[in-house]
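Structure first, then comments.
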Amino acid sequence: MTDDILEDGHTTSDFEAQEEEQYNDDRALKNNEPLTQAEMFVETRQSTKDKLLDEDTLNVVAHLQAENKNSKELTIRALQSAFG
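Quick note on the UniProt record's numbering: the sequence shown kicks off at 1 and runs consecutively.
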């Protein structure tokens, strides 16, 4: 599947990532899990009403989201290794 580039420069995968992130945020809130500093940074930098984020901020957000995903995956693997 190729990503369609939209008029505002975003791609369809950008929106898929946002939907996944929103699902994870909603799940965390339902489980009373506090947001990490990285998650809080991302949440407070989400664009609102036609206000676009600068490229540096977008790069930081993408990096933090990737690191957060990797961290969660490592935690899951460690728990599975320890407890089977």
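The beta carbon of each residue, even a glycine, is placed where N, CA and C say it ideally should be.
Comparing alpha-carbon positions, which option in the options lies nearest residue i?
| i | options | result |
| --- | --- | --- |
| A38 | H63, T75, A82, K51 | H63 |
| T44 | N32, V61, G84, K72 | V61 |
| F41 | A82, Q22, T57 | T57 |
| E21 | Q65, E55, K51, A82 | Q65 |
| L35 | G84, K72, D54 | K72 |
Quick check on the DSSP output: the alpha helix (DSSP H) that includes residue i runs from which residue to which?
| i | result |
| --- | --- |
| T44 | 37-44 |
| L52 | Unbroken run through L52: none, as it is neither H nor E. |
Do residue i and the ligand GTP come close, with the Cβ less than 7 Å from some heavy atom?
| i | result |
| --- | --- |
| F83 | Only the bare structure without any ligand can be found here, which leaves the ligand GTP out of the picture. |
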